[in-house]
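Beneath this line is the structure, given in structure tokens, with notes to follow.
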């Protein structure tokens, strides 16, 4: 078995590593440095990881909702992309299946919408 | 007996034989489930259901008569079908089952009718009839099952109904205790029956009557002996035979109709049925037969002797039941033609004993529930019908010509004398002696109750005859006591031939006439002696007496024996267990569980509630599993 | 280049599709129907969908096909188990939908409200529970139906996740004792994903094994046919095979709650809302065993000599752990959880017998146990005081006096668990042990009989407690069940009795179904 099929993958790994290193390094050199209290929090999202809210108080979940919605659509894209690439080969069957898939995802979307998951306030 | 046993499939009218079990069962369910709503009409439903199956039983009987081989089998559904074990929920209607069906439903109907009157003042009458119907259903299942497992189901069912009814008045401690005693002693017998069934399945692969009887001949003699002895143990437990007789007299704590139906006429004869039904097994081994005969002879004498010393009207009758069933065991033990004789005696006994129990109930009804015969006397004048019917029963049981006992007991005594070797003298003598003793104690009972001076307690002013609903069954059963034996003896014997076979007939060691004369003579002697002794009443309290009477009053020390041999070690064992029990966790775990509980307590600490330790445990398990797989595969383990 | 598209037999997939579609509709109901009418709509929708699925299963009864490109096998065991899951899920749905025993049902109204706050107390007191439980349940059921039909490891994995994820959520939705419930859900989720990882890893190793087995170039696969061929005529590295099989089975053993992968069971069974606990104990068990049976019978039967000792040891360990730990439990739900662990052991005994008898008896056991355990949890939902269910065993003392009917029913169910004749517990154990004896696995049977004797003790302790103790001040009352719970209880008890008295029809059905398509 020749190793040649793996060469592009190794290239991809290298590219990814380079991108990560580059971003971190670039931020260090290029970005402004103005620290304040919010900036020093662990997640920078308005939630104190510790100590826990006194008396089991409430905390906002908007960020989580948004993040989860993002993941749902992200995954949808992951499926759509290879289908788009090989659309001609999959033909009508592939099209119908993909419509069904999107409908299923949109059912969840409708639920989120009606339940107010898309309202910020 | 080298004939192969097979049964035809039930068709036509006989295809509905299952109704015999279903109708009383449904009726029992209605009575017990509907609760108070059924209080007003429940007892009539109970009576009607038994009446209906009596009519059905008659029609089945007549259609069976028209058939060629006179036995049909009806397989309803697979009761248990797992692995090699196949147990049909199947019924077998053959001559033997048919006579039992008629006895159970016929006598049962009369006693149900009687109970309507007897229980009229009891708040629990509906419940009583529910249990009663349950008993009838279970008893019919017992005699109709076509395999030993069905028989066992019915066997346990009648046991259940019997315990429920013995302790029916559960607020009386003596009734509750008697129920427990019956339960425990029956367990011993039931265990024997269960093990016998296991052995049959293990050695023959089936519990169907047909398979067992056809295959029994090929078994090793030791196996046959074991099966037979275990069946006998079961039979002795249910029928109150030595050494499991002690529960039966105590069972009289139940309402009198119960004593009449269950503990005299039907359930206690289940042991006789079991042995008669298993006749192909018992006929294989003479030793087995000798054991059965010995049990019968011993019990019949024991019952007579103890019965003569008791003063409680129902207990005397109970011991006489023990003794009469002894005669039946003697009969089935003798084998051959005596099987049929035992069944005939069983039928006749069903009539006259039910009659006498109901008569006793009638007496108690009129005497404010007193049972002490020393406090009766002179009742003949006040309770004419009871007196006459009880008198007919009395003449029947002592075997006076031409009452039914004469025609049914006599042949058994003759058969006992026909054993063909010296044991003929032993068993024949015992049976003969038993006849004399029976005459003595039954006459004592009769005379003390109905004749002689009044010895009533002050609170009884006017004993009264029972209402019509109680006397009509008495009259019918009384008629049965007179004619049943004479009418049935010959036809029933030939009717039963397909099931029980023809026995080779030995000539008795004494001539027939001599035996008859002897037995009648002894009967007259015993009865006359009792008449002379008790004509003028008896002492009102127990008198000091010689060793024999003392022993008889104390049930021939059998209770003491049980106490010493079973109860004391049992109590010790229980104490030891309780001691161990208390040492268990929270006093809830017994000795065995203490170890388990300890281990459990320790293991429980592994269940910490922390996900991290759970994950660790899963990981450890995973490593072990992978290692084990590889070890097995590399040949380190397997 | 032309792709060969798989044939799809939609009729064979109908039960799964019906339920999946119904769960999507359920989500839409949540979105568009006003809150007040959701409960009834969802309940009716759920029951209709389950009925539809059952009808589809029955219509498929004669199907023996492999479809969807070899990913799904619809054969006797599939249909039998699908039918069982659908029926049991119907009973569970009745318990889930019950709202008269407790105002608003067993589920929390607003899962995000802080535990113990005034809002929480208000919602616990009188708000209708979340109706999302219905689509979640239906999702789980459709996942289970796919799981028992999956014919390759990937489909199986997807199905595993499809029925696990809704269950994780459902566990968190108890109305009372919410912290316990949330904790149980988190534990179940964490450990469940952990076990899924083992499953995936095992799948990778098995794939590697099949690649090596087919010789160079032919390529491998994770469908059961390929694995089966590779196992039977392979000279490839068996280390990969057995390491893979070991890891795969860990993923499955986790779901069936076999020791030592059972650790989540008591906590989750205790914390989850009781109807969900019943649902898991009955349906998850059927589904997980269905998957395990197919993996062992179809894919790896060629290696049975090698895996039987190991899985047999796990079965023995499972029975022991379940039985011994049940002895000291003081909470009825934990007790039933350990009983469920022990029963997983008995079922494993049957699953290891790779014969027709073994298969049919295991399937029979699954059905019989499912009915009994659902009815038992149904009774648990009824025994309550002001704070919800009273699950501590000491509170059950004297229950026989307070409510003879329900104490009687529960006694009957416990006797069935203990394997007393005339209950389905007896016939099913008898069938499984009989099959194992025929296959020469007497050591498993001996362990099974011994542990059932141990296990009878905690059951009888509950019986004794209910009947022979005097009711105390704290003995809770038994609520009158609403129609739904009563129906579920009735079905469970009657099935327990009928399968104990006349098991033959179902055994025959199981026997007729006991053949995988390969």
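Chains as they are written, first to last, in the working numbering: chain A, 152 to 272; chain B, 1287 to 1924; chain C, 121 to 638.
Just so you know, even glycine gets a beta-carbon here, dropped at the ideal spot from N, CA and C.
**Prompt:** Can you list, in chain order, the residues of the stretch 241-267 of chain A whose Cβ is nearer than 9 Å to any Cβ on chain C?
**Reply:** 241, 242, 244, 245, 254, 255, 258, 259, 261, 262, 263, 264, 265 and 266
**Asked** Roughly how many whole angstroms lie between the Cα atoms of residue 233/C and residue 186/C?
**Response** The residue labelled residue 233/C in the question sits at position 113 within the third chain. The residue labelled residue 186/C in the question sits at position 66 within the third chain. Computed Cα separation, rounded: 47 Å.
**chain A contact residues for residue 150/C, given Cβ-Cβ distances below 7 Å** = As a first step, residue 150/C is located in the third chain; it is residue number 30 there, counting from the start. Per Cβ cutoff of 7 Å: 262.
**Prompt:** Which chain C residues sit within Cβ distance under 9 Å of residue 212/A?
**Reply:** Position 61 of the first chain, counted from the first residue, corresponds to residue 212/A. Under the 9 Å cutoff, chain C gives 232.
**Prompt:** Taking three-plus beta-carbon pairs below 8 Å as touching, is the stretch 1444-1453 of chain B in contact with the stretch 1414-1433 of chain B?
**Reply:** yes
**Prompt:** Measuring CA to CA, which of 252/A, 269/A, 217/A and 261/A is closest to residue 228/A?
**Reply:** Position 77 of the first chain, counting from 1, holds the residue named residue 228/A. Residue 228/A has its Cα closest to that of 252/A, out of 252/A, 269/A, 217/A and 261/A.
**Prompt:** Looking only at its own chain, which residues have a Cβ that is under 6 Å from the Cβ of residue 612/C, when we skip the five neighbours before and after it?
**Reply:** As a working note, residue 612/C is residue 492 in the third chain. Contacts found: 491, 494 and 495.
**Request:** Using a cut-off of 7 Å between C-beta atoms, extract the partners of residue 1918/B located in chain C.
**Result:** Here the question's residue 1918/B lines up with position 632 in the second chain. In chain order: 426, 429 and 430.
**Message:** So within the stretch 158-224 of chain C, which uninterrupted alpha helix (DSSP H) runs reach at least 4 residues, ignoring any that extend past its ends?
**Reply:** As for any alpha helix (DSSP H) of minimum length 4 sitting wholly inside the stretch 158-224 of chain C, the runs are 196-217, ordered along the chain.
**Message:** Nearest by alpha-carbon distance to residue 1585/B: which of 1635/B, 1570/B and 1525/B is it?
**Reply:** Here residue 1585/B corresponds to residue number 299 of the second chain, with the count starting at 1. Checked all of 1635/B, 1570/B and 1525/B; the closest Cα to residue 1585/B is 1525/B.
**Message:** Here's a check: name, in chain order, each residue in its chain whose Cβ is nearer than 7 Å to the Cβ of residue 1535/B, leaving out the five neighbours to either side.
**Reply:** Residue numbering aside, residue 1535/B sits at position 249 when the second chain is read from its first letter. Once the five neighbours on either side are set aside, the close Cβ partners of residue 1535/B are 1601, 1604 and 1605.
**Prompt:** residue 337/C to residue 369/C, Cα distance in whole Å?
**Reply:** Your numbering for residue 337/C matches position 217 in the third chain. Your numbering for residue 369/C matches position 249 in the third chain. The pLDDT assigned to residue 337/C is 48, lower than 50, so where the model puts this residue is not dependable; a value taken from the coordinates is nonetheless given after this. Straight across, the Cα-Cα distance linking residue 337/C with residue 369/C is about 28 Å.
**Message:** Against chain B, does residue 491/C count as a neighbour if the rule is that its beta carbon must be under 9 Å from one of theirs?
**Reply:** Reading the third chain from its first residue, position 371 is the one you call residue 491/C. Interface residue (Cβ-Cβ distance to chain B less than 9 Å): residue 491/C is not classified as such.
**Message:** Based on DSSP bridge pairs, tell me the residues matched to residue 1359/B.
**Reply:** Locating residue 1359/B in the second chain gives position 73, where the first residue counts as 1. Answer by DSSP bridge pairing, in chain order: 1295/B and 1378/B.
**Prompt:** Listed from N- to C-terminal order along the chain, which residues in the stretch 1709-1722 of chain B have their beta-carbon within a distance smaller than 9 Å of any beta-carbon of chain C?
**Reply:** Answer in chain order: no residues at all.
**Message:** Just verifying my parser: in three-state terms, what is the DSSP assignment at residue 1858/B?
**Reply:** Position 572 of the second chain holds residue 1858/B. If DSSP states are grouped into helix, strand and coil, residue 1858/B belongs with the helices.
**Item:** Pairwise C-alpha distance: residue 1392/B and residue 1678/B
**Value:** Your numbering for residue 1678/B matches position 392 in the second chain. Your numbering for residue 1392/B matches position 106 in the second chain. If you take the alpha carbons of residue 1678/B and residue 1392/B, they lie about 19 Å apart.
**Asked** Is residue 1729/B buried or exposed, if buried means 16 or more other CB atoms sit within 10 Å of its CB?
**Response** Taking the first residue of the second chain as position 1, residue 1729/B is located at position 443. Counting Cβ neighbours within 10 Å, residue 1729/B comes out buried, since at least 16 surround it.
**Request:** Confirm, please, whether the CB-CB distance from residue 362/C to residue 272/C is below 9 Å.
**Result:** For the purposes of this step, residue 272/C is taken as the residue at position 152 of the third chain. For the purposes of this step, residue 362/C is taken as the residue at position 242 of the third chain. Against a cut-off of 9 Å, the Cβ pair of residue 362/C and residue 272/C comes out as no contact.
**Item:** Cα-Cα separation between residue 425/C and residue 316/C, rounded to whole angstroms
**Value:** For the purposes of this step, residue 425/C is taken as residue 305 along the third chain, with counting starting at 1. For the purposes of this step, residue 316/C is taken as residue 196 along the third chain, with counting starting at 1. For residue 425/C and residue 316/C, the distance between alpha carbons rounds to 26 Å.
**Item:** Presumed contact (8 Å Cβ cut-off) between residue 1725/B and residue 1583/B, rounded CB distance
**Value:** Reading the second chain from its first residue, position 439 is the one you call residue 1725/B. Reading the second chain from its first residue, position 297 is the one you call residue 1583/B. The pair is not a contact, with the Cβ atoms about 18 Å apart (cut-off 8 Å).
**Residue range of the beta strand (DSSP E) that includes residue 261/C** = The count along the third chain starts at 1 and reaches residue 261/C at position 141. First-last for residue 261/C: 253-269, but that is the alpha helix (DSSP H), not the beta strand (DSSP E).
**Asked** Which same chain residues, not among the five before or five after residue 1512/B, have their C-beta less than 7 Å away from its C-beta?
**Response** In the second chain, residue 1512/B corresponds to position 226, counting from 1. Closer than 7 Å at Cβ, skipping near neighbours: 1485.
**Members of the stretch 443-473 of chain C that neighbour chain B once the beta carbon cut-off is set at 7 Å** = 444, 445, 447 and 448
**Message:** List, in chain order, every chain B residue whose beta-carbon is nearer than 8 Å to that of residue 314/C.
**Reply:** One-based indexing of the third chain puts residue 314/C at position 194. Per Cβ cutoff of 8 Å: 1901 and 1904.
**Message:** Please tell me whether residue 1910/B has its Cβ less than 9 Å away from any Cβ of chain C.
**Reply:** For this step, residue 1910/B is matched to residue 624 along the second chain. Yes, because at least one Cβ of chain C sits closer than 9 Å to the Cβ of residue 1910/B.
**Item:** N-terminal and C-terminal residue of the alpha helix (DSSP H) that residue 149/C is part of
**Value:** Position 29 of the third chain, counting from 1, holds the residue named residue 149/C. Residues 130-152.
**Message:** Below 8 Å on the Cβ atoms is my contact criterion, and I expect residue 1542/B with residue 1647/B to pass it. Report the Cβ-Cβ distance as a whole number of Å.
**Reply:** The residue you call residue 1542/B lines up with position 256 of the second chain. The residue you call residue 1647/B lines up with position 361 of the second chain. With a Cβ gap of about 3 Å, residue 1542/B and residue 1647/B count as contacting.
**Item:** Proximal residues of chain B, C-beta to C-beta of residue 563/C below 9 Å
**Value:** As a first step, residue 563/C is located in the third chain; it is residue number 443 there, counting from the start. The contacting residues do not exist; residue 563/C stays about 13 Å from chain B at best.
**Request:** Quick one: measure Cβ to Cβ for residue 1332/B and residue 1313/B, integer angstroms, because I've assumed they're closer than 8 Å.
**Result:** Residue numbering aside, residue 1332/B sits at position 46 when the second chain is read from its first letter. Residue numbering aside, residue 1313/B sits at position 27 when the second chain is read from its first letter. Rounded, the Cβ-Cβ distance is 6 Å, consistent with contact.
**Prompt:** Between the Cα of residue 427/C and the Cα atoms of 365/C, 287/C, 178/C and 376/C, which residue gives the shortest distance?
**Reply:** Here the question's residue 427/C lines up with position 307 in the third chain. Comparing Cα positions, the closest option is 365/C.
**Message:** Run through chain A and tell me which residues come within less than 7 Å of residue 147/C, C-beta to C-beta.
**Reply:** Locating residue 147/C in the third chain gives position 27, counting from the first residue. Neighbours of residue 147/C on chain A, chain order: 258, 259 and 262.
**Request:** Below 6 Å CB to CB, which residues in the same chain sit around residue 1430/B once its five sequence neighbours on both sides are set aside?
**Result:** In the second chain, residue 1430/B corresponds to position 144, counting from 1. Once the five neighbours on either side are set aside, the close Cβ partners of residue 1430/B are 1377 and 1383.
**Message:** When you compare the CB positions of residue 308/C and residue 388/C, do they come within less than 9 Å of one another, or not?
**Reply:** Taking the first residue of the third chain as position 1, residue 308/C is located at position 188. Taking the first residue of the third chain as position 1, residue 388/C is located at position 268. Yes, they are a contact pair.
**Request:** Could you name each continuous beta strand (DSSP E) segment of 3 residues or more that falls completely within the stretch 487-553 of chain C, going from the start of the chain to the end?
**Result:** Taking only runs of at least 3 residues, the beta strand (DSSP E) segments lying wholly in the stretch 487-553 of chain C are 503-505.
**Request:** Answer yes or no: do residue 1614/B and residue 1531/B have a C-beta to C-beta separation smaller than 9 Å?
**Result:** Taking the first residue of the second chain as position 1, residue 1614/B is located at position 328. Taking the first residue of the second chain as position 1, residue 1531/B is located at position 245. For residue 1614/B and residue 1531/B, no; Cβs fall outside 9 Å.
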